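S.K.: One structure follows; several queries about it will come next.
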Amino acid sequence: MTRRSILVGTGSALPRTRVSNDELAKRVDTSDEWIVERTGIRFRHIAEADETTGTLAADAARHALAAAGLVPADIGLIIVATATPDNTFPATATKVQALIGAPDCIAFDVAAVCSGFLYALSVADSMLRTGAAKHALVIGSETFSRILDWEDRGTCVLFGDGAGAVVLSAEEVADDRGILATRLHAEGQYGDMLYVDGGPSTTGTVGHVRMQGREVFRHAVTNLAAVLGEVLADVGLSAADIDWVVPHQANKRIIDATAKKLGLPAERVVLTVDQHANTSAASVPLALDLAVRDGRIRRGDLVVLEAMGGGFTWGAAVLRV
Ligand code: ACO
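Written as structure tokens, this is what we have:
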């Protein structure tokens, strides 16, 4: 028997307001045609004043708990991956704890931007396997709309707000269910290719997203294809064994190019970037929840998750659901 982290529930939450490319084009010098052709994005959800990273995360967590058949008191660990916390401190994870009514447990945030959910999943997996908790909530939640420069058409059209959550349970298993491998990377020398030009310790302001789009694109395809190869090699499997890839939803062209590099057919790739745009740390768990709820991802499937983001940071996970 092996102790593994088993995926027992998923959930997600989106802000009430959905904005189309055409609506965006009324206030930014852009067009539906340009955005769809370069990115595949058609819509994004934008948070209203009463919707925050914390409230969206709590909603996603409630849905994931319901899907898992668990209650807040069962949870021993809450990790929120976010680059847009409600406050500089306390951690948004503690806000989620309070909002859902979970008693004393471990709660903290992880900051790895778009690959934050992969980092959080890997940390939760390690903690569950070493006995720190029995059940964990791992959440990716963002309100990137708050850190966008709405005058910069090169970035503001690309992002959206939302949250996704999973519940992991530590179980002794005799089969190959659960998280089988995770791989994480960071190369901080590329920090200025995708960053926010503010922060508590530098400017004392929140700042705005800045990006060298072409460089990000190039690194994303190379790094994502490489890390997928690594994580599959870790478990002795190949691309042909994968039932579903749930990629970070930054850009359809990055997703297509990565799948092509690995020889993965488009039918096995979960795509939500058209509906949600890039929701950073929320994008992988949001897409995962959609594909679980619409019946594409079923028990027994081999699922691969991957993401890359500011830092640069990137990572992948392979799990049997
Ligand atoms: N609408 C219309 N025109 C635009 C827009 C817009 N929203 N944005 C830029 N343009 C113009 C530019 O001004 C430029 O015009 P010019 O030739 O007259 O100077 C032209 O379009 C081309 O601009 P580029 O930036 O060179 O366009 P490119 O083909 O590189 O596409 C894009 C830009 C979509 C950002 C692309 O580089 C990309 O997808 N990069 C990946 C970045 C990404 O996904 N980041 C997300 C975060 S990182 C992550 O999650 C992996």
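For the sequence shown, the residue numbers in numbering that gives the first Met the number 0 are 0 to 320.
Where a beta carbon is used, it is the ideal one built from N, C-alpha and C, also for glycine.
Just so we're clear, the structure is a prediction, and the values are computed from it rather than from any experiment.
My assumption, with CB atoms under 8 Å, is that residue 254 sits in contact with residue 245. Please give the rounded CB distance.
M.R.: Position 255 of the sequence shown, counting from 1, holds the residue named residue 254. Position 246 of the sequence shown, counting from 1, holds the residue named residue 245. Not confirmed; about 10 Å, so no contact.
S.K.: Using the three-state DSSP reduction, which class does residue 142 fall into: helix, strand or coil?
M.R.: Translated into the one-based positions of the sequence shown, residue 142 becomes position 143. Three-state DSSP puts residue 142 in a strand.
S.K.: Select from 318, 280, 159 the residue whose C-alpha is nearest the C-alpha of residue 16.
M.R.: By 1-based counting over the sequence shown, the position of residue 16 is 17. The shortest Cα separation from residue 16 among 318, 280, 159 belongs to 159.
S.K.: For a test of the three-state rule: what should DSSP assign to residue 322, helix, strand or coil?
M.R.: Residue 322 falls outside the range modelled here, since the chain spans only 0 to 320, and no answer is possible.
S.K.: What number of angstroms, rounded off, separates the C-alpha of residue 72 from the C-alpha of residue 233?
M.R.: Numbered from its first residue, the sequence shown carries residue 72 at position 73. Numbered from its first residue, the sequence shown carries residue 233 at position 234. Near 35 Å, if we compare the C-alpha coordinates of residue 233 and residue 72.
S.K.: Evaluate the contact criterion for the stretch 51-62 versus the stretch 1-17: three or more CB pairs, one atom per stretch, below 8 Å.
M.R.: Contact holds: three or more Cβ-Cβ distances are below 8 Å.
S.K.: Does the Cβ-Cβ distance between residue 143 and residue 181 come in under 8 Å?
M.R.: One-based indexing of the sequence shown puts residue 143 at position 144. One-based indexing of the sequence shown puts residue 181 at position 182. Not in contact: residue 143 and residue 181 (Cβ atoms no closer than 8 Å).
S.K.: Counting only the same chain and skipping the five closest in sequence on each side, list residues whose C-beta sits under 6 Å from that of residue 290.
M.R.: Locating residue 290 in the sequence shown gives position 291, counting from the first residue. Closer than 6 Å at Cβ, skipping near neighbours: 269, 296.
S.K.: Near residue 225, which residues of its chain fall below 6 Å by C-beta distance, leaving aside the five closest residues on each side in sequence?
M.R.: Taking the sequence shown and counting its residues from 1, the one referred to as residue 225 is at position 226. For residue 225, where only same-chain residues beyond five positions count, there are no Cβ hits under 6 Å.
S.K.: When you compare the CB positions of residue 278 and residue 210, do they come within less than 8 Å of one another, or not?
M.R.: To locate residue 278, count along the sequence shown from 1; it is residue 279. To locate residue 210, count along the sequence shown from 1; it is residue 211. Taking 8 Å as the Cβ cut-off, residue 278 and residue 210 do not qualify as a contacting pair.
S.K.: Touching or not, the stretch 163-171 and the stretch 131-140, by the rule of three or more beta carbon pairs under 8 Å?
M.R.: Flag = yes, the stretch 163-171 and the stretch 131-140 touch.
S.K.: Assuming residue 12 and residue 55 are in contact, meaning their beta carbons sit under 8 Å apart, how far apart are those beta carbons, in whole angstroms?
M.R.: For the purposes of this step, residue 12 is taken as residue 13 along the sequence shown, with counting starting at 1. For the purposes of this step, residue 55 is taken as residue 56 along the sequence shown, with counting starting at 1. Confirmed, Cβ separation roughly 5 Å.
S.K.: Write down every uninterrupted run of the beta strand (DSSP E) in the stretch 250-315 whose length is 3 residues or greater and which is fully enclosed by it, in chain order.
M.R.: List check, beta strand (DSSP E) in window: 301-308.
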